[in-house]
Amino acid sequence: MVKIIFVYFAILIIASALAAITRKNLVYSLFWILLMFIHLGGLYLLLNAEFLAMVQLIVYAGAILVMFLFVIFLLNLKEEIKEAVFLHKWSSRLYGILFLLFFAFLGVWSFKNNFKGIYSIELIEKEGHTKVLGTVLFNEYLFPFLILGFILLVPLLGVGIVALRRKTNGTT
Amino acid sequence: MEPGNYIPTKYLPVIIALAFSTIFGVGGLLINKILAPKKFNPVKLMSYESGNLPSGDTRSRFFIGFFLLAILFVVFDVEVIFLYPWALAFDLISLEGFWAMLIFISLILLGYIYEIFIGALQWHKK
Amino acid sequence: MLEFLLMIIKTMIVFAIVLAHVAYTTYAERKIIGRAQARMGPMEVGPHGLLQPIADFIKIFFKEDIIPVKSEKFIFQIAPLIVLVFTMVNLTVIPFTANFVLADLNIGLLFILASASIAVYGIILAGWASNSKYSFLGGLRSASQVLSYEIALALSLAGVVLASGSLNLKDIVIAQHNTIFGIYAIPQIIGFVVFIVAAFAETNRAPFDLPEAETELVAGYLTEYSAFRYALFFLAEYVAMYIMASLCALCFLGGWTVPKFITHIFPFLHKVPGLLWFAIKVYAFIFLYIWVRATFPRYRFDQLLNIGWKVLIPAGIINLIIIAFVKKFH
Chain A
75 MVKIIFVYFA
85 ILIIASALAA
95 ITRKNLVYSL
105 FWILLMFIHL
115 GGLYLLLNAE
125 FLAMVQLIVY
135 AGAILVMFLF
145 VIFLLNLKEE
155 IKEAVFLHKW
165 SSRLYGILFL
175 LFFAFLGVWS
185 FKNNFKGIYS
195 IELIEKEGHT
205 KVLGTVLFNE
215 YLFPFLILGF
225 ILLVPLLGVG
235 IVALRRKTNG
245 TT
Chain B
16 MEPGNYIPTK
26 YLPVIIALAF
36 STIFGVGGLL
46 INKILAPKKF
56 NPVKLMSYES
66 GNLPSGDTRS
76 RFFIGFFLLA
86 ILFVVFDVEV
96 IFLYPWALAF
106 DLISLEGFWA
116 MLIFISLILL
126 GYIYEIFIGA
136 LQWHKK
Chain C
26 MLEFLLMIIK
36 TMIVFAIVLA
46 HVAYTTYAER
56 KIIGRAQARM
66 GPMEVGPHGL
76 LQPIADFIKI
86 FFKEDIIPVK
96 SEKFIFQIAP
106 LIVLVFTMVN
116 LTVIPFTANF
126 VLADLNIGLL
136 FILASASIAV
146 YGIILAGWAS
156 NSKYSFLGGL
166 RSASQVLSYE
176 IALALSLAGV
186 VLASGSLNLK
196 DIVIAQHNTI
206 FGIYAIPQII
216 GFVVFIVAAF
226 AETNRAPFDL
236 PEAETELVAG
246 YLTEYSAFRY
256 ALFFLAEYVA
266 MYIMASLCAL
276 CFLGGWTVPK
286 FITHIFPFLH
296 KVPGLLWFAI
306 KVYAFIFLYI
316 WVRATFPRYR
326 FDQLLNIGWK
336 VLIPAGIINL
346 IIIAFVKKFH
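The following block contains the structure:
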């Protein structure tokens, strides 16, 4: 039964990803990416990671994709230009095929081996995934968390610089 | 429970609710399509501009303030999302974890005060 | 199989009750705003106008559904459905009483935030798909408003989660019942006010209802919509009002419980069923919505964004830090 649900999610993710890269109109393409993110969230639910599913929807689909949408509006991109041939050089075609083969192999290999973390599913069911994630994050991975605080400071400074340039009309 | 065998059965009502709302919306639209008159009139189908004829390219200008707001929203959203695991695991985190989150919040507050100072969120030219 | 059927019937009952409430909220709004303006509101259809919502509902089906020629047809038709579906799906996680909740999710609160994040897309895509300058700008403005206040909403709810220690809405109410005051609105008064203001702005209601103002950008992203599609947007808005009212009642006002210090004074209050307390709190919040709409003038767009970013976010963070210090060093 789980396999049926997983196959549904997997097929829909791959299909919407393919639909997203082949649309001419960019907003339609973004709409398919939104569908893909919602199904990725569903995939996280199957893995007993409910907090990650919600974070996927709130941050990735709800914030970052909105930023993408605003970029499309800002640059006023009308349509994707269609070329006659997708990749020109023989070497890039070879690299593309090798890349796809590598990911197909990874997919089949992880499908056969079941990977397990150190926390058992019973513990996560009892305590709730968010609480376990919080304990692990703030007890063991404290330093990466502080580095993340600094990383989040960078876009704030970037926005400040753009706003400053806008106010002084390009002559910071 | 083996990994790879977990079905989130608690989410079934969510899928039922999704199905119901979609059926309600689409059903209402279909009934509307059947019952409504269809009188063709070219004026009705034009976009509305308070009496003028629609003019110009619809998306010629886009205020960059919207884009800056979207970037700020991403940063603050990520920060708020980190608050939730910290709030839940509050009793199990050592004192260092508590202060680490306070340092994180103060870093974001630093960036936030800088934003307000620089006036990134001003919507009209002074 | 039997449980599945039972779940479908329960969902249908909840949806039917909420839709009936939504229809009569439109009637209540017109009556209350009418009285606030020293007039009577609808009186024609049925006794005291009680059948007005039914008449409106039937009328909407007979209006012509105009799709502008220059619009993007597929997304124009999908956008109201996105908003409606992702607003109504929130109804499954709300516990109406101690035993009745459709989906007892362990992350109920984040689920509501997640579906609110996706419902924003309906607004932006509706504004864009109409392919008209007014609608596009109105859609962007409305979306920026919703995004700005989402952070304030999440911050005030983070304070509640910190105090109660769970994201499950039932556990939040039970944890609330066991504190001294009985409701979280008293120790977290700042968070409560932040939540109320953010709830007003999230549902695009007065005084933050710039998209619906007739004198500004006509009707914002709704300009090109007619008949049932227009009704779908408003249905979604009223259902969102009910979701916010239920969240307020559950997280800040005690849900289906009464604070213990009140039942010490009046012991007969134990016999009142929990559902009635929940309904009273939700109705009080809806009345607040309507009352504020009748009273306050509208905010300008930059004032709106200033409140969301410069006032509510520091207030939410201060609230959170106070609660954190109280909880850690108590």
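Residue numbers (the numbering used here), protein chains in the order written: chain A, 75 to 246; chain B, 16 to 141; chain C, 26 to 355.
Just so it is clear, CB atoms sit at the ideal spot from N, CA and C, and this is done for glycine as well.
Alpha carbon of residue i to alpha carbon of residue j, nearest angstrom
i: residue 209 of chain C; j: residue 117 of chain C; result: 23 Å
i: residue 301 of chain C; j: residue 281 of chain C; result: 8 Å
i: residue 42 of chain C; j: residue 115 of chain C; result: 15 Å
i: residue 187 of chain A; j: residue 50 of chain C; result: 55 Å
i: residue 255 of chain C; j: residue 223 of chain A; result: 43 Å
i: residue 230 of chain A; j: residue 87 of chain B; result: 7 Å
i: residue 179 of chain C; j: residue 226 of chain A; result: 18 Å
i: residue 238 of chain A; j: residue 335 of chain C; result: 18 Å
i: residue 150 of chain C; j: residue 100 of chain C; result: 7 Å
i: residue 139 of chain A; j: residue 104 of chain A; result: 8 Å
i: residue 81 of chain C; j: residue 47 of chain B; result: 14 Å
i: residue 107 of chain C; j: residue 41 of chain B; result: 11 Å
i: residue 90 of chain C; j: residue 264 of chain C; result: 23 Å
i: residue 141 of chain B; j: residue 115 of chain B; result: Caution is warranted here: a pLDDT of 41 is assigned to residue 141 of chain B, below 50, making its placement in the model unreliable, and the coordinate value is therefore given only provisionally. If I take the Cα positions, the gap works out to 39 Å.
i: residue 235 of chain A; j: residue 128 of chain B; result: 14 Å
i: residue 347 of chain C; j: residue 215 of chain C; result: 10 Å
i: residue 89 of chain B; j: residue 178 of chain A; result: 32 Å
i: residue 305 of chain C; j: residue 131 of chain B; result: 41 Å
i: residue 142 of chain A; j: residue 62 of chain C; result: 45 Å
i: residue 31 of chain B; j: residue 33 of chain C; result: 7 Å
i: residue 240 of chain A; j: residue 221 of chain A; result: 30 Å
i: residue 100 of chain B; j: residue 151 of chain A; result: 39 Å
i: residue 195 of chain A; j: residue 84 of chain C; result: 54 Å
i: residue 120 of chain A; j: residue 114 of chain A; result: 10 Å
i: residue 223 of chain C; j: residue 333 of chain C; result: 8 Å
i: residue 353 of chain C; j: residue 54 of chain C; result: 45 Å
i: residue 101 of chain A; j: residue 153 of chain C; result: 9 Å
Three-state class that DSSP yields for residue i in the structure shown
i: residue 331 of chain C; result: helix
i: residue 214 of chain A; result: coil
i: residue 23 of chain B; result: coil
i: residue 164 of chain C; result: helix
i: residue 121 of chain C; result: coil
i: residue 141 of chain B; result: A caution first: residue 141 of chain B carries a pLDDT of 41, below 50, which makes its placement in the model too unreliable to give a value.
i: residue 60 of chain C; result: helix
i: residue 90 of chain A; result: helix
i: residue 113 of chain C; result: helix
i: residue 128 of chain C; result: coil
i: residue 355 of chain C; result: coil
i: residue 97 of chain C; result: coil
i: residue 106 of chain B; result: helix
i: residue 81 of chain C; result: helix
i: residue 121 of chain A; result: coil
Pick from the options that is closest to residue i, judged by C-alpha positions
i: residue 69 of chain C; options: C/257, C/253, C/26 and C/78; result: C/78
i: residue 329 of chain C; options: C/166, C/40, C/124 and C/30; result: C/166
i: residue 108 of chain A; options: A/123, A/98 and A/86; result: A/86
i: residue 156 of chain B; options: B/80, B/39 and B/112; result: Residue 156 of chain B lies beyond the residue range present for chain B, which begins at 16 and ends at 141; the question has no answer from this structure.
i: residue 130 of chain A; options: C/154, C/44, C/33 and C/138; result: C/138
i: residue 203 of chain C; options: C/136, C/189 and C/215; result: C/189
i: residue 161 of chain C; options: A/127, A/148 and A/173; result: A/148
i: residue 158 of chain C; options: C/249, C/109 and C/62; result: C/249
i: residue 253 of chain C; options: B/49, B/120 and B/108; result: B/49
i: residue 109 of chain B; options: A/96, A/169 and A/210; result: A/210
i: residue 135 of chain A; options: C/134, C/172 and C/57; result: C/172
i: residue 220 of chain C; options: C/177, C/169, C/206 and C/198; result: C/177
i: residue 97 of chain B; options: C/197, C/341, C/30 and C/183; result: C/183
i: residue 24 of chain B; options: C/37, C/119, C/87 and C/131; result: C/131
i: residue 124 of chain B; options: B/34, B/94 and B/113; result: B/94
Closer than 8 Å: residue i CB and nearest the ligand COA heavy atom
i: residue 125 of chain B; result: Only the bare structure without any ligand can be found here, which leaves the ligand COA out of the picture.
Residue i: contacting residues in chain D (beta-carbon distance under 8 Å)
i: residue 86 of chain C; result: The structure shown contains no chain D; its protein chains are A, B and C.
Alpha helix (DSSP H) segments (min. 4 residues) lying fully within the region 172 to 243 of chain C: Here the runs fully enclosed are 194 to 202 and 214 to 227.
Every unbroken alpha helix (DSSP H) inside the region 275 to 304 of chain C [4 residues or more]: If one requires a minimum length of 4 residues, the alpha helix (DSSP H) runs lying completely within the region 275 to 304 of chain C are 285 to 290, in chain order.
Whole alpha helix (DSSP H) elements within the region 123 to 150 of chain A, 4-residue minimum: Those alpha helix (DSSP H) runs which fall completely within the region 123 to 150 of chain A and span 4+ residues are 124 to 129 and 139 to 149.
Runs of alpha helix (DSSP H) lying entirely within the region 107 to 138 of chain B, each at least 4 residues, in chain order: As far as the region 107 to 138 of chain B is concerned, its whole alpha helix (DSSP H) runs of at least 4 residues are 110 to 133.
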